[in-house]
Amino acid sequence: MANKVRIATTSLAGCFGCHMSFLDLDERLVPLAELVEFNRSPITDIKHCAPCDIGLIEGGVCNAENVHVLREFRQNCKILVAVGACAINGGLPAMRNSVPLEECLREAYLDGIGVENPMIPNDPELPLLLNQVHPIHEVVKIDYSLPGCPPSADVFWKFLTDLLEGREPGLDYDLVHYD
Amino acid sequence: MSHITIDGQVVPFEEGQTIIEAATAAGVYIPHLCHNPEYAPHGSCKLCTVNVNGRNATACTFPAVEGQTVCNNTEELNFDRKRLTQMLFVEGNHFCPSCEKSGNCELQAVGYHLNMLDNHYPHFFALRDLDSSHPDLLLDRNRCIFCNLCVRASHADGKDVFAIAGRGINKHLIVNSASGNLGDSDINVDDRAAHICPTGAILVKGTAFKVPIGQRRYDHHDICDMSAGEQHGE
Ligand code: SF4
Ligand code: SF4
Ligand code: FES
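Protein sequences appear in the order of chains A and B. Residue 4 in my numbering is what sits at position 4 of the first sequence, and the numbering runs on without skipping anything. Residue 35 in my numbering is what sits at position 35 of the second sequence, and the numbering runs on without skipping anything.
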């Protein structure tokens, strides 16, 4: 097929669980690969987005780099999709939002049980943390959302086949879960 | 017997019944969260909003009157209900993957019923306290939607354990005890108030995650297809 649909994916403040769930498409990945190609994605290791048809974003934004990556995706993807609970509402990383950032860092790197060489990481290459973790629709416009922690492979399949076959994407009751 | 129509269906009612009571008796589902047939209506969540003779009203408070034309399951009303549900989600802190109530939660079930796929609004990330002082019960205010059911149930228990205090983002559930902690109140695990919460805000300890994912109440069953008792967790 000459013109494959181009997809980019990334995990921001996520756990890669949504990507793993995507790979649960298993043998369905073979027919999918006939129709789509992957651009920037942990699957290809391409570091920056070319213009794409679909961008799949896992995870919310917890640091400055997440914001840059998210904006790059929005600029390059015709359709941007919030994938999974963390992209949609911040998810479990956002449970730190009720704790001041300094306290989080203290607990993780200075005072926590079992911490050796206590020191808050300060390498200039490390992206700065945001005070709170935010869902991605608070930063850029999102076209579709796929709920779930993670969304099942069937959710990805339903969504992508709807789009590829020119239908308005929709999820039936059994495919909608917030956990 | 007197009748109203709901979405064109003729629904009988008895004198004194609200629209939602008549609907429930006829097997017609009207989405709701703060309504529970056991208690007097509270009318706060607005999810049960229907159109009565051209004007919107809450079905849990509005009396059924002979000849009313009620619209319920319309695209427009369901869209409004979805937005209301999204407001409830962003007002609290609902992290379903880590919530013991997930799969059996009425707030979630209404979201599923309305095909709510995102939260639409920016999140408040309000600061809400968690109270684990009671030996048998957990109170996680992050998940409270102020439906007032625990307040009403506690009164029916002959006690007065809960009340809602504060305004706006500072609104919160308070507990009637000298310390303000649930452990020092006179609530008991056998009280109706301990089991009435539609969300995961009041939970019985030691019962979490007993039912596997896939077999929980709303995993594969839309709340609209359930009997009134099943809808409220019986
Ligand atoms: S109370 Fe319901 S909606 Fe809130 S986190 Fe728990 S399962 Fe989710
Ligand atoms: S704790 Fe539960 S029952 Fe009580 S007001 Fe909050 S949501 Fe309603
Ligand atoms: S159920 Fe009627 S207002 Fe809440």
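Cβ coordinates follow ideal geometry from the N, Cα and C atoms, glycine included. Computed from a predicted structure; not experimentally measured.
Query                                                                                                                       : Result
Candidates Met87(B), Ser185(B) and Ala64(B): closest to Cys144(B) by CA position                                            : Met87(B)
Residues bridged to His262(B) (per DSSP)                                                                                    : Not covered by the structure: residue 262(B). The range shown for chain B is 1 to 234.
Reduced DSSP category for Asn122(A) - H, G, I as helix; E, B as strand; rest coil                                           : coil
Terminal residues of the beta strand (DSSP E) in which Ser11(A) lies                                                        : Val5 to Ser11
Local Cβ density within 10 Å of Glu21(B), reported as buried at 16 or more and exposed below that                           : buried
Three or more C-beta pairs below 8 angstroms linking the stretch 93-100 of chain A and the stretch 69-82 of chain A         : no
Alpha carbon of Met1(A) to alpha carbon of Glu37(A), nearest angstrom                                                       : Reliability fails at Met1(A), whose pLDDT of 48 lies under 50, so the model's placement of it is uncertain and the value that follows must be treated cautiously. Their backbone Cα atoms lie some 11 angstroms apart in a straight line.
Start-end ranges of the beta strand (DSSP E) lying completely within the stretch 97-177 of chain B, minimum 3 residues      : 137-140, 162-165 and 172-175
Arg143(B): CB within 8 angstroms of a non-hydrogen atom of ligand 2                                                         : yes
C-beta contact flag for Asn51(B) and Val28(B) at 9 angstroms                                                                : no
Own chain, CB closer than 6 angstroms to Arg217(B), minus 5 neighbours either side, in chain order                          : Asn104
Partner residues on chain A for His123(B), Cβ-Cβ distance less than 8 angstroms                                             : Asn89, Gly90, Ala94, His134, Pro135 and Glu138
Option in Ile142(A), Val61(A), Thr10(A) and Asp111(A) with minimal Cα separation from Lys78(A)                              : Ile142(A)
At least 3 beta-carbon pairs within less than 8 angstroms: the stretch 182-189 of chain B vs the stretch 156-164 of chain B : yes
Residue-level contact to chain A via CB, Asn93(B), 9 angstroms cutoff                                                       : yes
Near-chain A residues of the stretch 61-77 of chain B - C-beta to any C-beta below 9 angstroms                              : none
His68(A) at chain B interface by Cβ criterion, 9 angstroms                                                                  : no
Secondary structure, alpha helix (DSSP H): runs of 4+ residues fully inside the stretch 93-166 of chain A                   : 101-106 and 153-164
Whole-angstrom distance between Leu114(B) and Ile19(B), CA atom to CA atom                                                  : 21 angstroms
Minimum C-alpha distance to His177(A) - residue among Asp219(B), Thr58(B), Ile6(B) and Asn93(B)                             : Asp219(B)
Nearest-angstrom beta carbon gap, Ile30(B) and Asn72(B) [assumed within contact, 8 angstroms]                               : 5 angstroms
Three-pair Cβ contact test at 8 angstroms for the stretch 88-98 of chain B versus the stretch 133-151 of chain B            : yes
Host beta strand (DSSP E) of Val81(A) (start-end)                                                                           : Cys77 to Val83
Bridge partner(s) assigned by DSSP for Leu56(A)                                                                             : Thr9(A) and Val81(A)
Assumed close pair Cys149(A), Val83(A) - CB separation to whole angstroms, cut-off 8 angstroms                              : With a Cβ gap of about 11 angstroms, Cys149(A) and Val83(A) do not count as contacting.
Cutoff 9 angstroms: Met226(B) Cβ touching any chain A Cβ                                                                    : no
Distance between beta carbons of Val175(B) and Asn181(B), contact taken as under 8 angstroms                                : 7 angstroms
Three-way DSSP call (helix, strand, coil) for Ser41(A) in this model                                                        : strand
Host beta strand (DSSP E) of Cys71(B) (start-end)                                                                           : Thr69 to Cys71
Integer-rounded CB distance, given that Leu146(A) should sit under 8 angstroms from Val61(A)                                : That pair is no contact at about 18 angstroms.
Reduced DSSP secondary structure (H/G/I, E/B, other) of Leu32(A)                                                            : helix
Under 9 angstroms (Cβ pairs) to chain A, residues found in the stretch 188-199 of chain B                                   : none
Minimum C-alpha distance to Leu126(A) - residue among Gly59(A), Glu65(A) and Ile43(A)                                       : Glu65(A)
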